[in-house]
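Everything on this sheet refers to the single structure shown next.
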Amino acid sequence: MKRLRSFLSKEFMHIFRDKRSMLILFGMPVVQLLLFGYVITNEIKNANVAIYDKSKDAATKRITNALDASDFFVCRSYVHSDKEVFDVLRSGKVKMVVVFEPNFERNLVAKKRAYVQVIADATEPNIASSSVNYTSSMIGTLVNSMYGQDDVKGVVVQPRMVFNEKQENVYMFVPGTMALILMLISAMMTSITIAREKERGTMEILLVSPLNPSQIILGKVLPYFLLSFFNAIVILLISRFVFGLPMLGSYILLLAESMLFILMALSLGIFISTAAKSEQQAMFLSMFALMLPTMLLSGFIYPVENMPSWLQVVCNIMPPTWFIIIVKSIMLKGSSFAEVWKETLVIAAFTVLFIAMSIKKFKIRLE
Amino acid sequence: MAEASKIIEVDNLVKRFGSFVANDHLCFDVYQGEIFGFLGANGAGKTTAIKILCGLTSPTSGTIRVAGFDAYTQSEQIKKNIGYMSQKFSLYEDLTVYENIRFYGGIYGIPMKEIKSRSEELLRRLGLYEERNSLLAKLPLGWKQKLAFSVAIFHNPKIVFLDEPTGGVDPITRRQFWELIYEATERGITVFVTTHYMDEAEYCDRVTIMVDGKIEALDTPGNLKNTYGVKSMDDVFLKLAR
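The listed protein sequences correspond, in order, to chains A and B. Basically the working numbering = 1-based index in the first sequence + 2. Going by the working numbering, 133 is the number at position 149 of the second sequence; the sequence numbering is gapless.
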């Protein structure tokens, strides 16, 4: 038993002295719990809604205020034409547009039937159906309390799902999967290969040789760029022809955006490799700084809009979040560059940032 | 004998890491064709100095000329004319023997045809021809070492820098390794080697002994033994490192 005890105490010493183990043992559960608690929710919170009020009477105003007052929706935007409805949905500024028919109140009182059209962005199908359901029930309850009607058929809510008529969940998954895979191959693999070179001691040999640092980095990065690009094409083909994902936008634009994203991921990989001291550390960093956040916080599965605002800030610092928006816009909404230039700029800025940081770190290392 | 030219000239080399002085005003020259030993205990500053001469790190101050080029402004030319073998032997375990040679030949700009002929000659000389398609990981340590050295001089550099090349092998293998070094000098290659094995100092033409970042001795092994009145380089070192 004494032997076992001394072995046990050695094992505890290993664990407590290894900062990484401690992080996993104590830090991770807390972070995971918080993340999952806040992230995994199908509830809607402060979803942006636009109102197209063809009637502008007391009833529509009350309904609008009621929707706005609830925790679920924020009704600050107003649109005034059919074209604007789709523009605003396509731009992603709102997830839902509520359209009141002309003479709403009059129809409600006189004919006992008035129509409200609820147009929801179904690229996130769960959110869309929840939004429509909440809207329906809220309107129904409110109208009943206003006019004392038991007959819920007073107001007819006509839902319309756009950009994803069949509300396929796969529409949600494919853009996210693309982001995930490209991050995995580009960032993680690049970071590992450079860290491995340093760990083996072969990096020194490369640095002593006539190869200049840019040739070394280019040589490290190019194979993964080509492989990632190939994978991007494969993913697109499979999602198009196996899952039937629509492709309303331009293939060239999508591939160009993918190339930019790959470039960003590669620069991130290089930055991680300049920071990591070993292959293991690089893998660890990639895993927890890239993989998990991408899966949880990029809007891959759980929409960013539903998270608490402090977490949304974190989500917006992540490049994959923006890339997923771009992919969905192009594929499902047929967006052109004019509609995604802002997101593109964000990814480009990240790329420049990572490259600059890598060069800085590299230079310091050489000193 | 005609006066050999200086292939490395170092004047007042200083390297500081913050407040720690790794190399403290080193002054020495290395002549073409000689085997120059850079001795000292672990942590004395040998690896730092060799990295500076190879262009891996930049010095804090001092003048350095390697193979006739200035280390500050002409490091690209220096790199083409030197070879380097690191402590970790620097070959790729997941490539074959031949693939390793081909890679290094390629990055030094040797044309494919020449790589093929030179590598065949090299492999036969080392007795590794049968293993040319084996993964490096399968070779015993001594063979890897010899291969690493041969790869370091594959492009016929003027100088080859060896950083503790014989760590971890038995004395016989070490002796065989040094025979490779002698062969290299016969081809006109200058050999700059660091080591903490004092008996290897005997194999060098001249040695310096570094203690705490400074050069405490610079002479032939024979002269050093006479100066300190001892019989072996081990004893010379003990006297200096007190």
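From the three backbone atoms N, C-alpha and C, an ideal C-beta is built for every residue, glycine too.
Practice prompt. Find the nearest neighbour of Lys200 (chain A) within the set A:Ser133, A:Asp20, A:Tyr173 and A:Lys279, judged by alpha-carbon distance.
Written response: Counted from its first residue, the first sequence places residue 200 (chain A) at position 198. Nearest C-alpha to Lys200 (chain A): A:Lys279.
Item to complete: Could you spell out the range, first to last residue, of the beta strand (DSSP E) harbouring Gly46 (chain B)?
Response: Translated into positions along the second sequence, residue 46 (chain B) becomes position 62. In the DSSP assignment, Gly46 (chain B) falls within the beta strand (DSSP E) that extends over Ser45 to Val50.
Worksheet item: What whole-angstrom Cβ distance do Ala201 (chain B) and Leu224 (chain B) have, given they're in contact under 8 Å?
Response: Position 217 of the second sequence, counting from 1, holds the residue named residue 201 (chain B). Position 240 of the second sequence, counting from 1, holds the residue named residue 224 (chain B). About 6 Å separates the Cβ atoms of Ala201 (chain B) and Leu224 (chain B), confirming a contact at the 8 Å cut-off.
Item to complete: Please confirm whether Ser338 (chain A) and Gly251 (chain A) have their CB atoms less than 9 Å apart.
Response: Within the first sequence, numbered from 1, the residue matching residue 338 (chain A) stands at position 336. Within the first sequence, numbered from 1, the residue matching residue 251 (chain A) stands at position 249. A distance below 9 Å separates the beta carbons of Ser338 (chain A) and Gly251 (chain A).
Worksheet item: Got a sec? Which residues, its chain only, sit under 8 Å from Met217 (chain B) by beta carbon, not counting five neighbours each side?
Response: For the purposes of this step, residue 217 (chain B) is taken as residue 233 along the second sequence, with counting starting at 1. Leu23, Met182, Asp183, Ala185, Glu186, Val191, Pro205, Leu208 and Lys209, listed in sequence order.
Discussion item. Using DSSP's beta-bridge definition, name the partner residues of Asn117 (chain B).
Written reply: Sequence index remark: in the second sequence, residue 117 (chain B) carries index 133 (1-based). The bridge partners DSSP lists for Asn117 (chain B) come to none.
Worksheet item: For Phe227 (chain A), which option in A:Met205, A:Ala277, A:Leu213 and A:Ala267 has the closest C-alpha, if you only look at C-alpha atoms?
Response: What you label residue 227 (chain A) is simply residue 225 of the first sequence in a count that begins at 1. Of A:Met205, A:Ala277, A:Leu213 and A:Ala267, the residue nearest in Cα terms is A:Ala267.
Worksheet item: Under 9 Å between the Cβ atoms of Ala52 (chain A) and Ser79 (chain A)?
Response: Here residue 52 (chain A) is taken as the residue at index 50 of the first sequence, counted from 1. Here residue 79 (chain A) is taken as the residue at index 77 of the first sequence, counted from 1. Yes. Within cutoff.
Fill in: DSSP beta-bridge partners of Phe88 (chain A)
Mapped onto the first sequence, residue 88 (chain A) falls at position 86. Beta bridge pairing from DSSP links Phe88 (chain A) with no other residue.
Item to complete: Within the same chain, show all residues whose beta-carbon is closer than 6 Å to that of Ile91 (chain B), passing over the 5 residues directly before and after it, in chain order.
Response: Position 107 of the second sequence, counted from the start, is the residue given in the question as residue 91 (chain B). Excluding sequence neighbours, Ile91 (chain B) sits near nothing in its chain.
Item to complete: Could you name the residues of the same chain whose beta carbon sits closer than 6 Å to that of Met191 (chain A), not counting the 5 residues immediately before and after it, in chain order?
Response: Counting from one through the first sequence, the residue named residue 191 (chain A) turns up at place 189. Result list for Met191 (chain A): Tyr226, in chain order.
Discussion item. Looking at chain A, is there any beta carbon in it that lies within less than 9 Å of the beta carbon of Gln71 (chain B)?
Written reply: For the purposes of this step, residue 71 (chain B) is identified with residue 87 of the second sequence, where counting begins at 1. Yes, Gln71 (chain B) lies at the interface with chain A (some Cβ there is under 9 Å from its Cβ).
Worksheet item: Do you know whose CA, among A:Ala130, A:Gly156, A:Val134 and A:Ser132, lies nearest Gly142 (chain A)'s CA?
Response: For the purposes of this step, residue 142 (chain A) is identified with residue 140 of the first sequence, where counting begins at 1. Of the candidates A:Ala130, A:Gly156, A:Val134 and A:Ser132, the one whose C-alpha sits nearest the C-alpha of Gly142 (chain A) is A:Gly156.
Worksheet item: In three-state DSSP terms, what is Ala49 (chain A)?
Response: Numbered from 1 along the first sequence, position 47 holds the residue referred to as residue 49 (chain A). Strand.
Worksheet item: For the beta strand (DSSP E) that contains Gly89 (chain B), what are its first and last residues?
Response: Taking the second sequence and counting its residues from 1, one reaches residue 89 (chain B) at position 105. Here Gly89 (chain B) belongs to no beta strand (DSSP E); instead the alpha helix (DSSP H) covers Val81 to Ile91.
Fill in: Within chain B, the residues that Pro321 (chain A) reaches when beta carbons sit closer than 8 Å
Counted from its first residue, the first sequence places residue 321 (chain A) at position 319. Residues of chain B passing the Cβ test: none, with the nearest at roughly 32 Å.
Item to complete: Assign Glu167 (chain A) to one of three DSSP states: helix, strand, or coil.
Response: Reading the first sequence from its first residue, position 165 is the one you call residue 167 (chain A). Looking at Glu167 (chain A) - three-state DSSP - the assignment turns out to be coil, as it is neither helix nor strand.
Worksheet item: Per DSSP, Met3 (chain A) is paired with what?
Response: As a position in the first sequence, residue 3 (chain A) is number 1, starting the count at 1. Bridge partners of Met3 (chain A): none, in fact.
Worksheet entry | Residue nearest to Thr174 (chain B) in terms of C-alpha spacing, selected from B:Ala132, B:Cys188 and B:Lys130 | Numbered from 1 along the second sequence, position 190 holds the residue referred to as residue 174 (chain B). Out of B:Ala132, B:Cys188 and B:Lys130, B:Cys188 has the C-alpha closest to the C-alpha of Thr174 (chain B).
Discussion item. Considering just the uninterrupted stretch of the beta strand (DSSP E) at Gln16 (chain B), what are its terminal residues?
Written reply: Residue 16 (chain B) sits at position 32 when you count from the first residue of the second sequence. For Gln16 (chain B), there is no enclosing beta strand (DSSP E), as DSSP marks it with neither H nor E.
Item to complete: Please list the partners that Ser211 (chain A) has in chain B, where partner means a Cβ-to-Cβ separation under 7 Å.
Response: As a working mapping, residue 211 (chain A) is identified with position 209 in the first sequence. The answer, in chain order, is Lys63, Ile91 and Tyr92.
Item to complete: May I ask you to report which of helix, strand or coil DSSP gives Glu200 (chain B)?
Response: Sequence index remark: in the second sequence, residue 200 (chain B) carries index 216 (1-based). Strand.
Worksheet item: Is the distance from the Cβ of Leu37 (chain B) to the Cβ of Val(-6) (chain B) below 9 Å?
Response: In the second sequence, residue 37 (chain B) corresponds to position 53, counting from 1. In the second sequence, residue -6 (chain B) corresponds to position 10, counting from 1. Taking the C-beta atoms as reference points, Val(-6) (chain B) is found nearer than 9 Å to Leu37 (chain B).
Worksheet item: Would Tyr88 (chain B) count as contacting chain A if we go by Cβ distances under 9 Å?
Response: Reading the second sequence from its first residue, position 104 is the one you call residue 88 (chain B). With 9 Å as the cut-off, Tyr88 (chain B) counts as an interface residue toward chain A.
Worksheet entry | Under 9 Å (Cβ pairs) to chain A, residues found in the stretch 27 to 54 of chain B | Cβ contacts with chain A come from Lys35, Cys38, Gly39, Leu40, Thr41 and Ser42.
Worksheet entry | the stretch 57 to 72 of chain B / the stretch 136 to 144 of chain B touching (three or more Cβ pairs under 8 Å) | The stretch 57 to 72 of chain B, when compared against the stretch 136 to 144 of chain B, does touch it at the 8 Å Cβ threshold.
Worksheet item: Among A:Lys330, A:Ser288 and A:Ser300, which has the Cα closest to the Cα of Leu255 (chain A)?
Response: Stepping through the first sequence from its first residue, residue 255 (chain A) is reached at position 253. Selection A:Lys330, A:Ser288 and A:Ser300 evaluated against Leu255 (chain A) yields A:Lys330 as nearest (Cα-Cα).
Worksheet item: So, is Ser(-11) (chain B) buried or exposed, given that buried needs 16 or more other C-beta atoms within 10 angstroms?
Response: In the second sequence, the residue the question calls residue -11 (chain B) occupies position 5. With fewer than 16 other Cβ atoms inside 10 Å of its own Cβ, Ser(-11) (chain B) counts as exposed.
Worksheet item: Comparing alpha-carbon positions, which option in B:Lys122, B:Asp154 and B:Leu146 lies nearest Ala132 (chain B)?
Response: By 1-based counting over the second sequence, the position of residue 132 (chain B) is 148. Checking every option, the nearest Cα to that of Ala132 (chain B) belongs to B:Leu146.
Item to complete: Take the Cβ of Arg108 (chain B) as the centre, count every other Cβ of all protein chains shown within 10 Å, and call the residue buried at 16 or more, exposed below.
Response: Within the second sequence, the letter at position 124 stands for residue 108 (chain B). Per the 10 Å Cβ criterion, exposed.
Practice prompt. Can you check DSSP and say which residues form a bridge with Arg190 (chain B)?
Written response: Residue numbering aside, residue 190 (chain B) sits at position 206 when the second sequence is read from its first letter. Looking at the DSSP assignment, Arg190 (chain B) forms a beta bridge with B:Phe20.
Item to complete: Using a Cβ-Cβ cut-off of less than 8 Å, list which residues of the stretch 184 to 208 of chain A approach chain B; keep chain order.
Response: When C-beta distances to chain B are compared with 8 Å, the residues of the stretch 184 to 208 of chain A below that value are Arg202, Gly203, Thr204, Glu206, Ile207 and Leu208, in chain order.
Discussion item. Quick check on the burial criterion: 16 or more other C-beta atoms within 10 angstroms. Buried or exposed for Trp312 (chain A)?
Written reply: Residue mapping note: residue 312 (chain A) aligns to position 310 of the first sequence, counting from 1. Trp312 (chain A) counts as exposed, since fewer than 16 other C-beta atoms from the protein chains shown sit within 10 angstroms of its C-beta.
Discussion item. Under 9 Å, Cβ to Cβ, is there at least one residue of chain B near Asn214 (chain A)?
Written reply: Taking the first residue of the first sequence as position 1, residue 214 (chain A) is located at position 212. Taking Cβ atoms only, chain B reaches closer than 9 Å to Asn214 (chain A), which makes this a yes.
Discussion item. Quick check: Met205 (chain A) and Ile219 (chain A), are their CB atoms within less than 9 Å of each other?
Written reply: Looking up residue 205 (chain A) in the first sequence gives position 203. Looking up residue 219 (chain A) in the first sequence gives position 217. Not a contact, by the Cβ cut-off of 9 Å.
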